[in-house]
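Down below is the structure, laid out as structure tokens.
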Amino acid sequence: MSKLELGVCYYPEQWDRSLWRDDAERMVEMGLDWVRIAEFTWGLVEPARGQFNWAWLDDVIGILGEAGLRVMMSTPTASPPKWLIDEHPEILPVDSDGRVRGFGSRRHYCFSSNVYLTEAQRIATEYARRYGQNPHVHAWQIDNEYNDHDTVLSYSTAARDGFRRWLSDRYGTIKILNQTWGTVFWGSVYSNFDQIELPNGLVANPNPTHALDFMRYSSDRVRLFNRAQVDILREFSPGRDITHNFMAGSFEFDHHAVAKDLDIVGFDSYPLGNLLGSTLSDDDKRRYLRTGAPDYQGFHCDLYRSQGNGRMWVLEQQPGPVDWASKNPSPADGMIRLWTWVAYAHGAQAVMFFRWRQAKYAQEQFHTALLRSDGSIDQAAIELAQVAAERAALPPTERNRAQVAMLLDYPSIWAADILPHDEDFPNAHIAREWYAALRSLGVDLDFLGPDDDFSGYALIVIPQCMIVSPELATKLKGCDARLLIGARSGSKTENMHTPGNLAPGLLEYLTGVKVLRVESLPDLAGESVRLADDTTHGFSGWREILETDATVTAHFSSKYRDGSPAIVRSDKATYLAVVPRSSLLKSVLQEVLDWAKIPVLDCCPDLRITRRGKLGFAFNFGDTEHCLPASETRNYLVGSSLIPPCGVSIWVGETAN
Ligand code: GAL
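Below, the structure is given as structure tokens:
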């Protein structure tokens, strides 16, 4: 399945049944192949314990399927019904201030509740039994967006009890826990596991190992919850693909781990919804207000495609203004088409649009859709129909393995949040900033988790991998790639201790550096890094003071230890004693790509170029047209060498710059 497939999220329960048949026929006419349904239907299907009202859902699936659509069915566990909450109020999640988060919206469950786990398995079994062999049901989505509304962490009694059991399994004895956490510090020693509380509501910072273990425990609960439903679907609906819709920009649980249990890694893409809250400068936010950041879609597609071993779908694509960001602008006309083609270019097998028809009542009335609430066609539907027509011209093709990979480790992101040392430390954003800088140099990337296969890459970039296990260190040493290792990497053991040989711990022998001290500087410090080409670039935030015998390729210009090493190179690795951003980042990456012999395309800032197998793609996120240089070996299938604002060109043949 390598042609682009298109789909839509549909909520038939919100509309009169007299519309269903017409809706289905219009979906097919528009070129849609898939329809995703039912993720919030538990309270409608089972209005009281054990009383099932399937008839309407049977009809919906029949109508959609007979019209020629493939149905992605969902398990409805993102929204437990009121009667269940009344029966078992302990299912509700608890926020970090200790407040119970109540019924009346969605995601009102705690991952630690075993009562809820059993109920989720029960209802998933009912849905799977009913529809698992239905000829129109071709795939399943489990639940909906695990961390939506910040619901991975819950501070309930169930979480506390579960955490205690998890700790007891991990450490065996309380003595080992005390040693590992270092509870002698501030005299917080425990005499048994039942004394341990959750790391919220404390007077000062929690013990960092305690906090990291709670993140690990919470992440494991998400995996367990997901896995329990996967097992049920495998039994009752064999042969159907199983997915879940990860969120773009969510790092709160280990997505690498959860992805291992899925057939397709799905995610939800809201490029404008997530723009204003990003770390882009105000100038860039203004520039991309109606297009979204040029690398938003690509980053998430590449990350989740890598986690899905090539099987990645966009399960919700922004169709127009959303209703949940601080401000909700309209995308420029053309952007729905552009985002869809970006997703395909970066490996998506399917793109589904959220949602079919704009809601007339309840929570999401301002959220646009393919149709307005009166059923008339909105802009997204026009652009979707264009994509549906254009895809016929493209030969099926798959994305090749990239030459460059980025290592992304979720526990390291949690660890840096727990011990930031710099309240503005960009943490997860570093990965996005490195990705954007590499993409603006025309470089295609894959992502790696610590357990993945590192072979076959010319360069592995590691923006921040604070926790390096012995296994990871061995893999990094043994792989063929050159390494670019960001500051803080290897600076903590898996127990959140400083390594015996100081940072970068197990990476010392690869990098030839030892970190003697770290500091963090405010923007007003006015310090800079001088590169080998004699250019200087301002920086602020994280800085390390290194001891090294390896080659120093850049130095700090500073009132403190002027000239100390900022970038150090050994045969295999380049190590950064700074978190480079803007012009420093781009210069550093350019030089490192040269060192690793990776060809670079000097793209203009608003243009992105990528490849999917034999197809080349160019996308213009700017507001002026862009002309690709003439080439006789490029045969344009969509667009031409002249790319208008928000335009897309697709060709067979060589890459262009
Ligand atoms: C997603 C969610 C959808 C819908 C959408 C609106 O986070 O999965 O159900 O609420 O946002 O943009």
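Quick note on the numbering used here: the sequence shown kicks off at 54 and runs consecutively.
The beta-carbon is built from N, C-alpha and C at its ideal position, and this holds for glycine as well.
(message) At 3 residues or longer, what runs of the beta strand (DSSP E) sit wholly inside the region 188-249?
(response) Listed in chain order, they are 190-194.
(message) By the three-class DSSP mapping on this structure, what secondary structure does residue 399 have?
(response) One-based indexing of the sequence shown puts residue 399 at position 346. If DSSP states are grouped into helix, strand and coil, residue 399 belongs with coil.
(request) Name the one or two DSSP bridge partners that residue 618 has. (result) Position 565 of the sequence shown, counted from the first residue, corresponds to residue 618. Residue 618 is bridged to 608.
(message) What does the Cβ neighbour count give for residue 443, buried or exposed, with the cut at 16 atoms within 10 Å?
(response) By 1-based counting over the sequence shown, the position of residue 443 is 390. Classification for residue 443: buried.
(request) Please go through the same chain and pick out, in chain order, the residues whose beta-carbon is closer than 6 angstroms to the beta-carbon of residue 446, but skip the five residues on each side of it. (result) Stepping through the sequence shown from its first residue, residue 446 is reached at position 393. Beyond the five residues adjoining it in sequence on each side, residue 446 comes within less than 6 angstroms, by CB distance, of 690 in the same chain, given in chain order.
(request) Just the C-alpha distance for residue 147 and residue 209, rounded to the nearest angstrom, thanks. (result) Your numbering for residue 147 matches position 94 in the sequence shown. Your numbering for residue 209 matches position 156 in the sequence shown. Across the structure, residue 147 and residue 209 are spaced so that their CA atoms are roughly 5 angstroms apart.
(message) Does residue 678 pass the burial test, meaning 16 or more other C-beta atoms within 10 Å, or should it be called exposed?
(response) By one-based count along the sequence shown, residue 678 stands at place 625. Exposed.
(message) Less than 8 angstroms between the beta carbons of residue 632 and residue 513, yes or no?
(response) In the sequence shown, the residue the question calls residue 632 occupies position 579. In the sequence shown, the residue the question calls residue 513 occupies position 460. No. Outside cutoff.
(request) Excluding the 5 residues preceding and the 5 following residue 498 in the sequence, name in chain order all residues of the same chain whose CB lies nearer than 7 angstroms to its CB. (result) The count along the sequence shown starts at 1 and reaches residue 498 at position 445. Residues of the same chain with a CB within less than 7 angstroms of the CB of residue 498, apart from the 5 flanking positions on each side, are 355, 455, 457, 458, 459, 488, 491 in chain order.
(request) Starting from residue 638, trace the alpha helix (DSSP H) both ways and give me its first and last residue. (result) The sequence position of residue 638 within the sequence shown is 585, counting from 1. Run containing residue 638: 635-648, per the alpha helix (DSSP H) assignment.
(request) Could you tell me if the beta carbon of residue 712 falls within a distance shorter than 7 angstroms of some heavy atom in the ligand GAL? (result) Nothing about residue 712 can be reported from this structure: the residues present for the chain run from 54 to 710 only.
(message) If I measure Cβ to Cβ from residue 399 and keep anything under 6 angstroms in the same chain, skipping five residues before and after, which residues do I get?
(response) Here residue 399 corresponds to residue number 346 of the sequence shown, with the count starting at 1. Cβ within range, chain order: 351, 354, 355.
(message) Taking 8 angstroms as the limit between beta carbons, can you name the residues of its chain near residue 265, skipping five residues before and five after?
(response) The residue given as residue 265 occupies position 212 in the sequence shown. By the criterion of a C-beta distance shorter than 8 angstroms, residue 265 is surrounded in its chain by 464, 467, 468, 471, 549, once the five residues flanking it on both sides are discounted.
(request) Check whether the Cβ of residue 467 lies closer than 7 angstroms to any heavy atom of the ligand GAL, and answer yes or no. (result) As a position in the sequence shown, residue 467 is number 414, starting the count at 1. Result no, Cβ not under 7 angstroms from the ligand GAL.
(message) Rounding to the nearest angstrom, what Cα-Cα distance links residue 541 and residue 453 in this structure?
(response) To locate residue 541, count along the sequence shown from 1; it is residue 488. To locate residue 453, count along the sequence shown from 1; it is residue 400. Our two residues, residue 541 and residue 453, have alpha carbons roughly 31 angstroms apart in a direct line.
(request) Measure how close the beta-carbons of residue 376 and residue 406 come, nearest whole angstrom, since I'm counting them as under 8 angstroms. (result) As a position in the sequence shown, residue 376 is number 323, starting the count at 1. As a position in the sequence shown, residue 406 is number 353, starting the count at 1. Not quite, the Cβ-Cβ distance comes to about 16 angstroms (not below 8 angstroms), so this is no contact.
(message) Using 8 angstroms for Cβ pairs, my map puts residue 299 next to residue 319. What's the rounded Cβ distance?
(response) As a working mapping, residue 299 is identified with position 246 in the sequence shown. As a working mapping, residue 319 is identified with position 266 in the sequence shown. Residue 299 to residue 319, Cβ: 7 angstroms. Contact.
(message) Using 8 angstroms as the threshold, is the C-beta distance between residue 656 and residue 673 below it?
(response) Counting from one through the sequence shown, the residue named residue 656 turns up at place 603. Counting from one through the sequence shown, the residue named residue 673 turns up at place 620. Cβ distance not < 8 angstroms, so residue 656 and residue 673 don't count as in contact.
(message) For residue 298, list the residues DSSP reports as bridge partners.
(response) Working through the sequence shown from its first residue, we reach residue 298 at position 245. Listed as beta-bridge partners of residue 298 by DSSP are 319.
(message) How far does the beta strand (DSSP E) with residue 284 in it extend, from its first residue to its last?
(response) On the sequence shown, residue 284 is found 231 positions in, with the first residue counted as 1. For residue 284, there is no enclosing beta strand (DSSP E); the enclosing alpha helix (DSSP H) covers residues 261-289.
(request) Using the Cα positions of residue 709 and residue 364, report the straight-line distance between them to the nearest angstrom. (result) Mapped onto the sequence shown, residue 709 falls at position 656. Mapped onto the sequence shown, residue 364 falls at position 311. Only weak support is given to the placement of residue 709: the predicted model assigns it a pLDDT of 45, under 50, and the question is left unresolved by the model.
(request) Can you tell me which of the three DSSP states residue 482 falls into? (result) Translated into positions along the sequence shown, residue 482 becomes position 429. In this structure, residue 482 counts as helix in the three-state DSSP scheme.
(message) Give the list of continuous beta strand (DSSP E) stretches no shorter than 3 residues that lie fully inside the region 524-599.
(response) Correct list: 535-538, 566-574, 580-584, 589-592.
(message) Going by C-alpha to C-alpha distance, which of 675, 666, 676 sits closest to residue 704?
(response) Looking up residue 704 in the sequence shown gives position 651. Looking at the Cα atoms, 666 is the closest of the given residues.
(message) Suppose you measure from the CA of residue 607 to the CA of residue 599; what does that come to, to the nearest Å?
(response) Here residue 607 refers to the residue found at position 554 when the sequence shown is read from its first residue. Here residue 599 refers to the residue found at position 546 when the sequence shown is read from its first residue. So the alpha carbons of these two residues sit roughly 12 angstroms apart.
(message) the ligand GAL and residue 198: does the residue's C-beta get closer than 7 angstroms to at least one heavy atom of that ligand?
(response) Taking the sequence shown and counting its residues from 1, one reaches residue 198 at position 145. In this structure, the ligand GAL has a non-hydrogen atom nearer than 7 angstroms to the beta-carbon of residue 198.
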